[in-house]
Every structure is written in structure tokens, then in C-alpha cells.
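Chains as they are written, first to last, in UniProt numbering: chain V, 1 to 408; chain W, 1 to 322.
Built from N, CA and C at the ideal position, the CB exists for glycine as well.
Everything below concerns the one structure shown next.
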Amino acid sequence: MDFDDTREEAAWRAEVRAFLEQHRDDGTDRDTVWDTGTARTWQATLYDAGFVGVTWPVEAGGRGGTPMQQAIIDQEMSRLDLPPLINLIGIGMCGPTVIVHGSADQKQRYLKRLLRADDIWCQLFSEPAAGSDLAGLRTRAVRGGDSDNGGDNSHWLVNGQKVWTTRAHQSDYGILLTRTDPDVPKHRGLTMFVVDMKAPGVTVRPLRQMSGGADFNEVFFDDVVIPDAERLGDVGDGWRVALTTLMSERLSLGGGGTGIGPRAETVARHVAEHLGALSPDRQALVRQQLGKAYVAVLGARYTGYRQLSRISRGELPGPEASAGKLSGTRSARDLADLAVRVLGADARVAGGFWQELQAGLPGMAIAGGTDQVLRNIIGERVLGLPAEPRADKGVTFKESLAAERGTP
Amino acid sequence: MNFDLDQEHRDLADAARDFLSATASPAAARAMLDDGATVRPGRAELVKSGFATITIPEHAGGGGGSVLDLAVVAEQAGRLLAGPSLVTFARAAVLLAGDDRLADLAGGDRSVAVVDHDGPVLDAVGADTFLALRDGALVCGPGTVTAREPIDPTRGLGDVTLGDTEELVPDAAERWLHGERVGRTILAAEGLGAAARVLEIGVAYAKERYAFGRAIGSYQAVKHLLVDAYVEVEQLRSLVWWAAWAADHAPDELPLASAAAKAAAATTLEQAAEAVIQVHGGIGFTWEHDAHLYWRRSKVDRFLLGDDVSAYDEVARLAVTR
Numbered sequence: 001m002d003f004d005d006t007r008e009e010a011a012w013r014a015e016v017r018a019f020l021e022q023h024r025d026d027g028t029d030r031d032t033v034w035d036t037g038t039a040r041t042w043q044a045t046l047y048d049a050g051f052v053g054v055t056w057p058v059e060a061g062g063r064g065g066t067p068m069q070q071a072i073i074d075q076e077m078s079r080l081d082l083p084p085l086i087n088l089i090g091i092g093m094c095g096p097t098v099i100v101h102g103s104a105d106q107k108q109r110y111l112k113r114l115l116r117a118d119d120i121w122c123q124l125f126s127e128p129a130a131g132s133d134l135a136g137l138r139t140r141a142v143r144g145g146d147s148d149n150g151g152d153n154s155h156w157l158v159n160g161q162k163v164w165t166t167r168a169h170q171s172d173y174g175i176l177l178t179r180t181d182p183d184v185p186k187h188r189g190l191t192m193f194v195v196d197m198k199a200p201g202v203t204v205r206p207l208r209q210m211s212g213g214a215d216f217n218e219v220f221f222d223d224v225v226i227p228d229a230e231r232l233g234d235v236g237d238g239w240r241v242a243l244t245t246l247m248s249e250r251l252s253l254g255g256g257g258t259g260i261g262p263r264a265e266t267v268a269r270h271v272a273e274h275l276g277a278l279s280p281d282r283q284a285l286v287r288q289q290l291g292k293a294y295v296a297v298l299g300a301r302y303t304g305y306r307q308l309s310r311i312s313r314g315e316l317p318g319p320e321a322s323a324g325k326l327s328g329t330r331s332a333r334d335l336a337d338l339a340v341r342v343l344g345a346d347a348r349v350a351g352g353f354w355q356e357l358q359a360g361l362p363g364m365a366i367a368g369g370t371d372q373v374l375r376n377i378i379g380e381r382v383l384g385l386p387a388e389p390r391a392d393k394g395v396t397f398k399e400s401l402a403a404e405r406g407t408p
Numbered sequence: 001m002n003f004d005l006d007q008e009h010r011d012l013a014d015a016a017r018d019f020l021s022a023t024a025s026p027a028a029a030r031a032m033l034d035d036g037a038t039v040r041p042g043r044a045e046l047v048k049s050g051f052a053t054i055t056i057p058e059h060a061g062g063g064g065g066s067v068l069d070l071a072v073v074a075e076q077a078g079r080l081l082a083g084p085s086l087v088t089f090a091r092a093a094v095l096l097a098g099d100d101r102l103a104d105l106a107g108g109d110r111s112v113a114v115v116d117h118d119g120p121v122l123d124a125v126g127a128d129t130f131l132a133l134r135d136g137a138l139v140c141g142p143g144t145v146t147a148r149e150p151i152d153p154t155r156g157l158g159d160v161t162l163g164d165t166e167e168l169v170p171d172a173a174e175r176w177l178h179g180e181r182v183g184r185t186i187l188a189a190e191g192l193g194a195a196a197r198v199l200e201i202g203v204a205y206a207k208e209r210y211a212f213g214r215a216i217g218s219y220q221a222v223k224h225l226l227v228d229a230y231v232e233v234e235q236l237r238s239l240v241w242w243a244a245w246a247a248d249h250a251p252d253e254l255p256l257a258s259a260a261a262k263a264a265a266a267t268t269l270e271q272a273a274e275a276v277i278q279v280h281g282g283i284g285f286t287w288e289h290d291a292h293l294y295w296r297r298s299k300v301d302r303f304l305l306g307d308d309v310s311a312y313d314e315v316a317r318l319a320v321t322r
């Protein structure tokens, strides 16, 4: 047992660290980075240096590296408090899906530009009526437009609505999961496409979050034409394609070693600054709260190191990785609440760093898998408990919709 | 990074489980409550096996192993509710370092208990040699033990009145503290084993018990209770390994790691035992079911080597001064 890098890992870390420290001023100012121009340039700089998409195959524009190399980049970025890359969703989810299911032509056109943030990508999965139960989505794609036009199979016509789409307002392309056959069970009637976000009929409306920020959107599709050549995978095989996307997220992001929300050490320093102003009995209570959240963070951090060790040995992260997000979003909320509490008189008014942070955290426990969905995943796939009862098995999508409406 | 047990540790765990399970079990713990049976495997067998004396140097007759080695064994001991606690041996090995009595302990000629200031003493029952901190000095001597009515009899708690003591180390505050931290690490390892085992019992039951036509583990209300316990158990495992590694290799990290492990162990075992009782319904709170034996362990262990409140407080104090 040790916490040391292997010789190769240490050399890689040194290389990454040296580059980031030299160029950090291009990326440290978070306000600047949300300016998409600067953020694209920053990602391109990193790509040209060989630090974006390291786990991607060489022919896809990557360097055929290991998840451990990616994890080291993540750690070093986090150490310098550098913001995430603008095209993180493209790199982590859309690109890998194109790599596995795209045509040679699509790979040629899209992948390298994605890695350099020449194009920004978004993931168009969730819908108003399909969140955790993603396979219940309703956005329709009809071949050749409509049944009267059966002769033209070269394109699809898409109608429907997506929602919670991060960066859709800045995106050039998206991967779009649609329903192409409502007369089969819902997981089987789906098909995935690459959609041009600038195509006629695509309307993006930013959504304001409870924190006041606007990072995600609703996206409307009105008679949007998608060439059949932009299909990813077979017709009706969209669920399997989507699983590639979701699995890639876990892989590409490295996992392990970097936490969620504020760093516990930062909160502890903040608490230390305010502790002296509190009465002794309050101090004791604050220490209990800090101690509990801090232990939870340490527990998650060292559990992350165990996952990292498996990655370092070449194993793939499994469903147990969901535990890190589950406990991380909980302790992040606890730490932020404590950080605001010790502000005293200012705690009940907005405007401060901690108040803003606090308002962004409930959403983190929902995005990318709710607490309840994560518990189901761990319960069923790690502990081997039987699956939830479900009413939509063995019926077609149309039948399950009818059942929802109460019409048998 | 290689933050994992290696094959040697896995083999050690298997060997410890084989040895311990020959005599120790929840049934043996219940027999102690029922008719005053003695703790299993018991002091003599534990010493003879070599598992209890792993951290005692070879020249003193011990195994010359690491705290991590002992933690690996302690997890297995916790699963089986074995006794006396390996905490006692771990602390004695620290406190008696360089003293002839250590060889007596390793040879099975002495039965040691470590006397804290805060109430009935762990493994006082059956001990003949008591170590204590008095005015900053480490002292050793005989004592009289008054056994107390046990919640968890495997912990051998008793009030100790020290007899004539001899001063072993005059300025022993640091050594005492180090012994406590190693002890907290091993206590957390025993808590890890107990929590992991009781959780297994709960998960197995949730798969086989049917209600309303389905296995109860398919219902979120039951499933999520068990998952929350699982997440805590795995995080406790990480903290135990970290603390044990720190005890062996990174003394600067041991105060935080051992306090975190102690606090997490107290909370995790209590919550796991409680959850598993609830998952079982009526059978879960019967005398014949094993769940309450783990619950009893949790209700005692949370107070040993400082309670959970003081451990969380220590974590916070260390965090704000880092």
C-alpha cells in the first residue's frame, strides 16, 4: 500500500503540472472563462499541448492514454483551482459516443474539432416528461418526414422538446436521442443522431436556475431535418448507444481523488476565521458539524483513492463509483450550509461567495443522477438487491403512455 | 497510487478468519450473555495464535508486523465479535515498547489492560497487569477489577482500582497519545468488520424475505436504508486503511486519520446495526437473532477511546488549524 505515483505517473504529473503552472493565467479567472471565446482558446491551448482527450484513440485525435493519465490531469487542474473545460460534455460523453457508433466520415469531421473546442457539443437526452426514466422520452424522429413520403429515406424529421441541456446556447452540435418507433417497448424504439444546433427549427431558450445562473436550456425541435448520415448506431438501437454515452462519462472523467463542491480545507479555513466571534457553546456545535462533514469528505476522498488505484492497475470504474457522487453532494451541502451559518448577521442575506455557492448545490444532487437513482444503482448492481417493481415492462411505449393517462 | 490491500494482506485476513471462526461467533457472544460463558477465542488462544501480538517486535516474541497487518486481522475479529479486543494488544505494544513486560505479554505470561480515566476499562476482566497514565508518567501494576453488568460482554468492561504501581516512563504523554491513536485505528477496524458483517446479514435477508409478493429489498424504502449503510461502511474501510497506513508510515497524518476513523466507526456501526434490525422487522429484535449482538457492540464501542462527539471535535480542531 502506498499513495505514490509510479515512475511513469510521476513523470506525467510533472509534465502536466509544469504546463498548467506556466499557462494557468490563461484559465484561472472563472469569469473570463465563461466567456466562450477565451474558454475555447484555453481548451485549444491544452489540446495542442496534448492534455485534452488523452484517453481517446490516436485516430480519433486523442493520444491513446490511460484513465490514470486523465485522472492526474483532473487532479492537477483541481489543485490549481482551474475551471472545468468548456467542452467537458463533448469530451466526456458526445465524443466517445461518436467514436464507438459514428461513421468514418463523422469521426473525421467532428472529433478533432471537438477536442480543440472549435465546436462545442451538448447532450440532448432529458425531456420534460423523461428525467430519471430517460427511456420514456417523446421527441419523435420520422424517416422521410411522414408516412406519405415513404420513398425518401435519406433524412429524418424531428419534432419535440429537450430540457436541462447544459451549454445548448453555446453549442454547435449535439447528440440527440429520439423515439423512432412507439409501437415497441420503450427501450427498443429509440435512435440516436448528431444534430446541427444551428439548423433551421432548433430553438434554444436558456433556463434560469435557482441560483440565478443560466448554464442550461430548453431546446425545441420543430420540423428539424437531420440527414440519415448523421445517425449514430442502428435505427432502434438508441438505448444501447445512450448507454455508451453514460458509461463514457464515468470513464473519461477519471473519477476519484477530486471532490464535489467546496474543498473541505477551504471551508475549514473559513470556519476558523469566524469561530472566534461565536460563543463557546456555539463553537462546540460548529465543531461537531464541521467534524461530521469533514469525516464524510475524507471518507469519500480516500474511497476515491481506492478507485484510482484500480484505475491505475488498468481496471474500469464500476457502479460503486456512484457512492462518491451520492455522499459528495450531501457533504458539499452540509459544508456550504455551515460556511454560511458562521457568517452571523450576513448569513440571511445574499451576495456573498458562500451564499451563492449554497444555492448551486441542491441541483448537483439531481444533475447526472438523482440521489434516489444512485441508491438504486448501488443497491441493485453492487449489493445485488432485486430491481424496483416497474409497470412498463413488456408493453409498448404507446401502451405505457396510455396507462399514464389512465386510458386502458 | 496503490491504496489497496495486497495479496499478503488478503491471505492474512483469510488465515485470521479461519482461526477466529473456530471459536468466536455471535452465538459465543450470546452465550456470554446467557450463562456467563467466557469470551472467545480468549486471551490465551489469541496470543498463542500470534494474531494478537503482530505489532510486538520479533525480539520481544511478537510478529514484528505493521499496524495495517493488525487492522486487517481486527476487521475479521470484528465480524465475529471476537474478544478480547485487539485494541488492548495494540496499545500495550506501544506503551510497553522497550520494556521486558512486552515479552511476557507476547509469551502469554501477562494479561494486560489499559486503564483510561473515563469509566469502566476495556478488557479489564481477566487482566492481571494494568497500564495507566498518572501525572504524565506511564505506570504499571496490579489492580482489582469489579466487572460491570455488560451491554456487550465481549468487551470485558470492569472498574479498575490500581494497586501499587511502578513508574515505567516518566514523561509518557506523547507515547500515551500515540497508543490511543493506534488503539483508535484498531477499534475502527473492529467496527468496520462488525458493520460490514451485520450489513451482509441485512442484505441477505432483504433478498429472501417477501412481502406484498416481492422481495423486500426491491422496495426503495428498504434498499436505500441498506445502501446508505453500505456507502458508510466502504468509506469507513478507506479511513481505517488510511489511519493504519499513517500509523506505519506517516505519523503526521495519524492524529487526523485516527480521529476520523474512530468517529466514522462509531457512527457507521450504530447506523448499520440499527438499519439491519429495522430491515428484519419482528425477528430483528429477538434475542435469538444476531442483529442485537452487533447493536450491543455499537452501543459500547462508541464510548471507547473517547466517544464519537470528542472524535468529531478533534477532527474539527485539527481541520481548522491545518
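Next item on the list: Mind checking who Tyr-312 (chain W) pairs with in its DSSP beta bridge?
Entry: Residue pairing by DSSP places Tyr-312 (chain W) in no beta bridge whatsoever.
Next item on the list: Starting from the beta carbon of Ile-378 (chain V), find every residue of chain W whose beta carbon is closer than 8 Å, and list them in chain order.
Entry: Per Cβ cutoff of 8 Å: Val-227, Tyr-230, Val-231.
Notebook entry, point to check: Should His-224 (chain W) be flagged as near chain V, meaning a C-beta pair shorter than 8 Å?
Noted result: Yes - at least one Cβ of chain V is within 8 Å of the one on His-224 (chain W).
Checklist line | Burial state of Trp-287 (chain W), where buried means 16 or more other Cβ atoms lie within 10 Å | finding: With a threshold of 16 other beta carbon atoms within 10 Å, Trp-287 (chain W) falls short and is exposed.
Next item on the list: Could you tell me whether the Cβ atoms of Ala-264 (chain V) and Tyr-294 (chain V) are closer together than 8 Å?
Entry: Yes; because the gap between Cβ atoms is below 8 Å, this pair is in contact.
Check: According to DSSP, is Arg-209 (chain W) helix, strand or coil?
Finding: It is coil, neither helix nor strand.
Note to self: Closest to Thr-139 (chain V) by C-alpha separation, out of V:Ala-130, V:Gly-160, V:Phe-125, V:Pro-57, would be which residue?
What the structure shows: Put simply, of V:Ala-130, V:Gly-160, V:Phe-125, V:Pro-57 the residue whose alpha carbon is nearest the alpha carbon of Thr-139 (chain V) is V:Gly-160.
Checklist line | Interface residues of the segment 50-64 of chain V facing chain W [CB-CB below 8 Å] | finding: The segment 50-64 of chain V vs chain W, Cβ under 8 Å: nothing.
Item checked: Whole-angstrom distance between Glu-21 (chain V) and Glu-399 (chain V), CA atom to CA atom -> Straight-line Cα distance between these residues: approximately 58 Å.
Item checked: Limits of the alpha helix (DSSP H) - the one that Met-68 (chain V) falls within -> Its alpha helix (DSSP H) spans residues 67-79.
Checklist line | Neighbourhood of Pro-142 (chain W) by C-beta, 6 Å cutoff - its chain only, sequence neighbours within 5 removed | finding: So the list reads Gly-163, once near-sequence residues are dropped.
Notebook entry, point to check: Under the rule that 16 or more other beta-carbon atoms within 10 Å means buried, what is Thr-266 (chain V), buried or exposed?
Noted result: By the neighbour-count criterion, in which a residue is buried when 16 or more other Cβ atoms sit within 10 angstroms of its Cβ, Thr-266 (chain V) is exposed.
Notebook entry, point to check: Under a three-way DSSP split, which group does Ala-277 (chain V) fall into?
Noted result: Reduced to three states, the DSSP call for Ala-277 (chain V) is coil.
Check: Does any CB atom of chain V fall closer than 8 Å to the CB of Val-315 (chain W)?
Finding: Yes, contact with chain V.
Notebook entry, point to check: How would you list, in chain order, the residues of chain V whose beta-carbon sits under 8 Å from the beta-carbon of Lys-207 (chain W)?
Noted result: Simply Gly-384, Leu-385, Pro-386.
Note to self: For a contact defined as C-beta to C-beta under 9 Å, what are the partners of Asp-6 (chain W) on chain V?
What the structure shows: Near Asp-6 (chain W) (Cβ distances below 9 Å), the residues of chain V are Met-1.
Item checked: Proximal residues of chain V, C-beta to C-beta of Tyr-312 (chain W) below 8 Å -> Result: Arg-287, Gln-288, Gly-291, Lys-292, Val-295.
Note to self: Please return the same chain residues whose Cβ sits closer than 6 Å to the Cβ of residue 414 (chain V), not counting the five positions on each side in sequence.
What the structure shows: No statement about residue 414 (chain V) is possible, as the shown extent of chain V runs from 1 to 408 and does not include it.
Notebook entry, point to check: Looking at C-beta atoms only, is the number of pairs between the segment 88-104 of chain W and the segment 112-130 of chain W that lie closer than 8 Å three or more?
Noted result: The segment 88-104 of chain W vs the segment 112-130 of chain W: in contact.
Note to self: I need the DSSP call for residue 416 (chain V), collapsed to helix, strand or coil.
What the structure shows: No answer is possible for residue 416 (chain V): the residues shown for chain V start at 1 and end at 408.
Next item on the list: Determine, using beta carbons only, whether Ala-247 (chain W) and Arg-79 (chain W) come nearer to each other than 8 Å.
Entry: No, the Cβ-Cβ distance between Ala-247 (chain W) and Arg-79 (chain W) is not below 8 Å.
Margin query: Give me the chain V residues within the contact set of Val-121 (chain W), using Cβ-Cβ distance strictly less than 8 Å, ordered along the chain.
Written below: Per Cβ cutoff of 8 Å: no residues; Val-121 (chain W) is ~26 Å from chain V at best.
Check: In three-state DSSP terms, what is Arg-306 (chain V)?
Finding: The DSSP-derived three-state label of Arg-306 (chain V) is helix.
Check: Between residue 323 (chain W) and Cys-140 (chain W), is the Cβ-Cβ spacing less than 8 Å?
Finding: One cannot answer for residue 323 (chain W) here, as it falls past the ends of chain W, which runs 1 to 322.
Next item on the list: Give the residues of chain W in contact with Val-271 (chain V), contact being defined as C-beta atoms less than 9 Å apart.
Entry: Within 9 Å Cβ-Cβ: Ala-316, Ala-319, Val-320.
Item checked: Span of the alpha helix (DSSP H) around Thr-23 (chain W) -> Segment: none, Thr-23 (chain W) is in no alpha helix (DSSP H) and carries neither H nor E.
Check: Is there at least one Cβ from chain W nearer than 8 Å to Thr-370 (chain V)'s Cβ?
Finding: Not one chain W Cβ lies under 8 Å of Thr-370 (chain V).
Next item on the list: Ignore the nearest five residues each way along the sequence and tell me which others in Val-271 (chain V)'s own chain have a CB closer than 8 Å to its CB.
Entry: Within the same chain, Cβ atoms closer than 8 Å to the Cβ of Val-271 (chain V) are found at Val-286, Leu-290, Leu-338, Ala-339, Val-342, the five residues on either side in sequence being excluded.
Next item on the list: For chain W, find out if any of its Cβ atoms is closer than 8 Å to the Cβ of Gly-254 (chain V); answer yes or no.
Entry: Because the pLDDT of Gly-254 (chain V) is 45, which lies under 50, any placement of that residue in the model is unreliable, and the question is left without a value.
Note to self: Going by the DSSP bridge assignment, what does Tyr-173 (chain V) pair with across the sheet?
What the structure shows: Paired residue(s): V:Trp-121, V:Asp-196.
Next item on the list: For the segment 85-140 of chain V, list the alpha helix (DSSP H) runs that are entirely contained and at least 4 residues long, ordered along the chain.
Entry: Within the segment 85-140 of chain V, the complete alpha helix (DSSP H) runs of at least 4 residues are 95-101, 104-115.
Next item on the list: Give the C-beta separation of Ala-24 (chain W) and Val-72 (chain W) to the nearest angstrom, bearing in mind that I take them to be a contact with Cβ-Cβ under 8 Å.
Entry: In fact, because the Cβ distance is near 16 Å, the residues do not count as touching under 8 Å.
Checklist line | Exposure of Glu-174 (chain W), with buried meaning 16 or more beta-carbon neighbours within 10 Å | finding: Classification for Glu-174 (chain W): exposed.
Check: Can you tell me whether DSSP reads Glu-388 (chain V) as helix, strand or coil?
Finding: Of the three classes helix, strand and coil, the one that applies to Glu-388 (chain V) here is coil, per DSSP.
Check: Is Glu-399 (chain V) close to chain W, meaning its C-beta is less than 8 Å from at least one C-beta of that chain?
Finding: Contact with chain W is absent for Glu-399 (chain V), since none of that chain's Cβ atoms lies less than 8 Å from the residue's Cβ.
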